[in-house]
Amino acid sequence: MTDTDKFRIGVCGTGNLGRMHLGGLAQRPDVTVAAICDIRPDAMAKAQEVLTRAGSSAKPCRFTELREMLREPLDAVLIVTPTDLHARQSVLALRAGCAVFCEKPMALSLRDCDRIIAARDHAKRQLMIGQCLRFWPEYQALRQAVQSGEYGRLRALTMTRVGAFPDASVNAWMGNGRRSGGALLDLHLHDADWAQDVFGPPRALCAAGLTGPSDAIDEVSAIWRYADFQVTLRGSWLHQTFSMTWQAVFEHAALEFGTRPEGGLCLRRAGAAAWEPVPPPAGPDGYAAEMTYFLDCVRGRETNTRCTAESTRQTLALLLLEKEAVRRQTWIRPGRL
Ligand SMILES: NC(=O)c1ccc[n+]([C@@H]2O[C@H](COP(=O)([O-])OP(=O)(O)OC[C@H]3O[C@@H](n4cnc5c(N)ncnc54)[C@H](O)[C@@H]3O)[C@@H](O)[C@H]2O)c1
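So this is what it looks like as C-alpha cells:
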C-alpha cells in the first residue's frame with residue numbers, strides 16, 4: 017500500500033490513552049498518523065517516541081490547537097482529551113469533514129451527546145465512541161454465554177471495576193469531578209455500558225454512592241433489575257490498584273473473570289467438584305478490535321451496529337439516573353431514555 021492510499025489520521029490528546037492508541041495505529045499498514053495535537057509539547061514529544069519505538073517512520077505534524085490540526089487533510093480524528101472537551105472537539109472535527117473516534121465517556125451531559133450526534137448527522141461522517149469493553153475478548157465470551165443459553169438462563173451478574181484515585185501528577189483533570197464525572201462516569205461507565213448494550217435498560221435501578229475526593233461520586237454500587245435476573249454493578253476510585261472482575265450465575269453453571277493474578281476466565285458447572293479454567297478467547301485486545309471496527313466502518317466495510325453513539329448516550333442517561341437514585345435513595349424506573 018502506498019502512502020497516498022493510506023488513511024490519514026490525526027490524534028488530539030497525546031496523554032496516556034492517546035499514546036496507547038498511537039502505539040496501536042503505528043502497527044497498522046493501512047493508516048498514517050499524519051498529525052497530532054496537544055496543549056503540552058512534551059506529551060507530543062513522547063508520542064513521537066511511541067511511534068518510533070513501535071517501528072513507524074511517521075513524523076506527524078504537531079499542533080497545539082485542534083482548529084489548526086483540522087486544516088490538514090485528514091480522514092479521521094481521534095479525540096483523546098479530558099472528557100469535558102469531548103463534545104466541543106468532536107463537533108469541530110465532524111464539521112471539518114472528518115470521521116471521529118471519541119474516547120469514552122462521550123460527554124458529561126445528554127445535551128452534549130445530542131450536540132455531537134446532530135453534528136454527525138449534519139456532516140454525514142462516521143462517529144464512534146471508544147467503549148472498548150464491547151470489544152474485550154472475555155466480555156465477548158460472557159455475551160456469548162448469555163445469548164447462546166449454553167449454561168441456561170442468566171440469573172445474576174455482578175460486575176466490579178475498582179482502582180486508585182487518579183494521580184494528580186499524571187492527569188490532574190481526572191481527579192476533578194466537574195471535568196471527568198468522577199468514578200461514576202469515568203470508570204463505572206464501562207460496565208454500565210456493557211450491561212446496557214447487552215441487556216438494554218433495566219426495568220428499575222437503585223444505587224448507593226459516596227462523594228469522594230473528585231467531589232463527584234467516586235464509589236458506587238447499583239442494582240439493575242430485569243424481568244428474571246439482576247445485575248449488580250460496582251465502581252470505585254477508593255482502592256489501591258486497578259482490577260476488573262465479573263461473576264455470572266446461570267441456571268446450570270457459574271462463569272467468572274478477573275484481572276487479579278488468580279483471575280482469568282473460569283467455569284463451575286452445576287454438580288462439578290472444581291472450577292475449570294477457560295482458555296482466553298482468541299483475537300486482538302479490545303482497543304485494537306474497536307479501532308479495526310471503527311476504521312472498517314469509515315471505509316464502508318461495516319455498518320456501525322456494535323457501538324453507536326445513540327447507544328452510548330443511553331448508557332449516560334442510565335448513569336445520570338443512578339446519580340439521581342443515590343441522591344433520592346430510591347428505586348427508579350428508567351422509562352423512555
Ligand atoms: N477506554 C479506556 O479504557 C480509557 C482509559 C483511560 C482513559 N480514557 C479516556 O480517554 C480520555 C483521555 O484520558 P487520558 O488518561 O489519556 O488523560 P491524559 O491526561 O493522560 O491525556 C489527555 C491529554 O489531552 C491533552 N489536552 C488537554 N487539553 C487539550 C486541548 N484543548 N487540546 C489538545 N490536547 C489537550 C493533555 O495535555 C493530555 O496530554 C478521557 O476521556 C478518559 O476518560 C479511556
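Residue numbers (my numbering): 17 to 353.
From the three backbone atoms N, C-alpha and C, an ideal C-beta is built for every residue, glycine too.
A quick note: this is a predicted structure, and the numbers were derived from the prediction, not measured.
- Ser252 sits in a strand when the DSSP states are folded into three classes.
- Annotation for Glu119 indicates a beta carbon within 6 Å of some heavy atom of ligand 1.
- Here Phe266 carries a strand assignment [DSSP, helix/strand/coil].
- In terms of side-chain proximity, the C-beta atom of Leu86 is found no nearer than 6 Å to any non-hydrogen atom of ligand 1.
- The C-beta of Ile55 has fewer than 16 other C-beta atoms within 10 Å across all chains shown, which makes the residue exposed.
- Going by DSSP, Val47 is part of no alpha helix (DSSP H) but of the beta strand (DSSP E) stretching over Val47 to Cys53.
- For Ala92, the enclosing beta strand (DSSP E) has its first and last residue at Ala92 to Ile95.
- For Gly225, the secondary structure class from DSSP, reduced to helix, strand or coil, is strand.
- By the CB criterion at 7 Å, Arg150 and Cys323 fall inside the cutoff.
- Per DSSP, the beta-bridge partners of Leu281 are Phe273 and Val294.
- Here the distance from the Cβ of Ala59 to the nearest heavy atom of ligand 1 is below 6 Å.
- Runs of the beta strand (DSSP E) lying entirely within the segment 129-181, each at least 3 residues long, are 143-146 and 170-178 in chain order.
- One alpha carbon belongs to Ala70, the other to Ile52, and they sit about 16 Å apart.
- Put simply, the backbone Cα of Ile239 is about 44 Å away from that of Pro45.
- Taking the Cα of Pro217 as reference, the smallest distance to any Cα among Thr331, Gly191, Ala180 and Ala135 is reached at Thr331.
- If you draw a straight line from the Cα of Leu170 to the Cα of Met122, it is about 29 Å long.
- Per DSSP, reduced to three states, the secondary structure at Glu119 is strand.
- For the pair Ala223 and Glu81, the Cα-to-Cα distance works out to about 40 Å.
- Spanning the alpha carbons of Gly225 and Pro295 requires a straight line of approximately 35 Å.
- Under the three-pair Cβ rule at 8 Å, the segment 91-98 does not count as touching the segment 290-306.
- Here Arg349 has Ala220 as same chain residues with Cβ atoms under 6 Å from its own Cβ, once five neighbours each way along the sequence are excluded.
- The way I'd put it, the segment 273-287 doesn't touch the segment 179-190; fewer than three beta-carbon pairs between them come closer than 8 Å.
- Three or more beta-carbon pairs separated by less than 8 Å link the segment 170-180 to the segment 251-263, which places the two stretches in contact.
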